[in-house]
Amino acid sequence: MTEFTIKHLFWICLAIAATLCSTSKANERQPIQAQSGNAFLSASMQAMQQDPMANPISLWLDKGHALWTGIDRQASCAQCHGPIENNKTHASQFPKWSSKFKKLINLEDQIVDCSQKTSLPYQSLEAADVLALSALLHQQSQNRTIQLKPDDKYKEQWQRELNSGAQLFTQRMGRMNLACTHCHDQNVGKRMQADIISPGHPTGFPIFKLSWQSMGSVDRRIRACYSGIQAEVPQPGSRELRQLELFLKIRAEGMTLDGPSLRR
Ligand code: HEC
Ligand code: HEC
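Numbering that gives the first Met the number 0 applies: residue 0 is where the sequence shown begins, and numbers increase by one.
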């Protein structure tokens, strides 16, 4: 064989290998539409996620544990809720309709509300302590299926919020005139700047996003998507964000929780 054909053969082999790699990645166990955001991490991000020494989430979980048992608090979470190991189902059950607030609340809302019963009430949904406790409660629920069902008494309200969430998901908005569905249903797997568009499942939260240098909730991530399409960004905790979270969780029915996790 001449040098030319050997070289040629080499490039063909490389191309075949690359194609095999990319398709086997896309078909990993589940169809791409049913994959968690964690399946879209680059190899180096996955390595970082699996290494407790390199993964910044470890520190947040330590902090969450300290807050839960609350050495320096008059009333700690543990005083009412017992050891953290007895609290494995909460994260899989939010958002839920709150009769107290007459709206949907998510896990972070519940943490802020409960903190009012302690000596260190939190003011903000994005407070580091709230996110650390959310990370801890999500870790307890890892590998659990999302379990959302309306309370019989509030079925109508719940269904109305869910319908609004579904409607929001397909509603065009912003200067780019796009809806969530255009990216997270119709362009899954395509590259957008440095990201590969995932189905936008809510399973991996809260996330430690390197570009935020912080933990963030699903609330913050959805606001970032509003900002990305240059739409008016809703306030943290606003009704539409909870409606979208409920819709995303119903849409992800059958999937298990795999947060907290890292993002680029
Ligand atoms: C122009 C495309 C685009 C639109 C429109 C868009 N997003 Fe996103 N979204 C992204 C990109 C890119 C990411 C980061 C990569 C990824 O995980 O998909 C992302 C991430 C997410 C994630 C996090 C997934 C994870 O596991 O980290 C959620 C949840 C999400 N989007 C929800 C929404 C919702 C709800 C809307 C509508 C309000 C929306 N997005 C609109 C592009 C979009
Ligand atoms: C004084 C007792 C008390 C303290 C302290 C307390 N909680 Fe609660 N918590 C409750 C009660 C009662 C409920 C039932 C719903 C309600 O009243 O909000 C609840 C509900 C919850 C739920 C939802 C459970 C579910 O699945 O319905 C979570 C999660 C939670 N608390 C987390 C926390 C965290 C985190 C802390 C510490 C910051 C904390 N709680 C501190 C009494 C307490």
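Backbone N, C-alpha and C define an ideal beta-carbon position, used for all residues, glycine too.
Distance, residue j Cα to residue i Cα
i	j	result
GLY253	ILE206	21 Å
CYS20	PRO55	With a pLDDT of only 40 at CYS20, under the threshold of 50, the placement of this residue in the model should not be trusted, and no figure is reported.
GLY188	GLN115	43 Å
THR117	SER75	6 Å
LEU240	ASP218	6 Å
MET172	THR180	11 Å
PRO82	LYS101	30 Å
ASP128	PHE204	15 Å
SER163	HIS80	33 Å
LEU135	ASP112	17 Å
ARG250	HIS183	12 Å
ALA193	SER210	12 Å
ALA42	SER197	16 Å
ALA46	GLN29	21 Å
ASN176	GLN185	15 Å
PHE93	ASP151	16 Å
LEU119	PRO235	21 Å
ALA33	THR144	13 Å
GLU264	GLN146	Since the first residue of the chain shown is 0 and the last is 263, residue 264 is not available in this structure.
ALA178	ARG159	20 Å
GLU155	GLN49	42 Å
GLU27	GLN122	No answer about GLU27 holds up, because its pLDDT of 48 lies below 50 and its placement is not dependable.
Rounded distance between the beta-carbons of residue j and residue i, thought under 8 Å
i	j	result
GLN138	LEU60	6 Å
ILE195	PHE39	5 Å
ARG263	MET44	6 Å
SER237	LEU124	Not a contact, Cβ separation roughly 11 Å.
SER35	HIS89	The Cβ separation is near 20 Å, so there is no contact.
LEU245	LEU161	5 Å
LEU106	TRP96	So it is not a contact: roughly 14 Å between Cβ atoms.
6 Å Cβ shell around residue i - same chain, five flanking residues per side excluded
i	result
SER226	VAL232
LYS208	GLY215, ARG262
ASN37	GLY203, ASP257, SER260
TRP157	TRP96, PRO149
CYS267	The question about residue 267 has no answer here: the residues shown for the chain are numbered 0 through 263.
ALA230	MET172, GLY173
ALA165	PHE246
GLN170	ALA178
Near ligand 3: residue i beta-carbon under 8 Å from a heavy atom
i	result
SER197	Questions concerning ligand 3 fall outside what the structure shown contains, since the ligands it does hold are ligand 1 and ligand 2.
CB of residue i within 9 Å of CB of residue j, strictly
i	j	result
LEU261	PHE168	no
PRO201	LYS248	yes
ASN142	LEU256	yes
ALA228	ARG190	According to the sequence provided, residue 228 is Ile. The question's Ala does not apply to it. Contact: no.
TYR153	SER91	no
GLY63	SER133	yes
SER213	LEU130	yes
Sequence-distant residues of its chain with Cβ nearer than 8 Å to residue i (five each side left out)
i	result
GLN78	GLY69
THR22	Its pLDDT being 41, under 50, THR22 is placed unreliably in this model, and the value from its coordinates should be taken loosely. No residues qualify anywhere along the chain.
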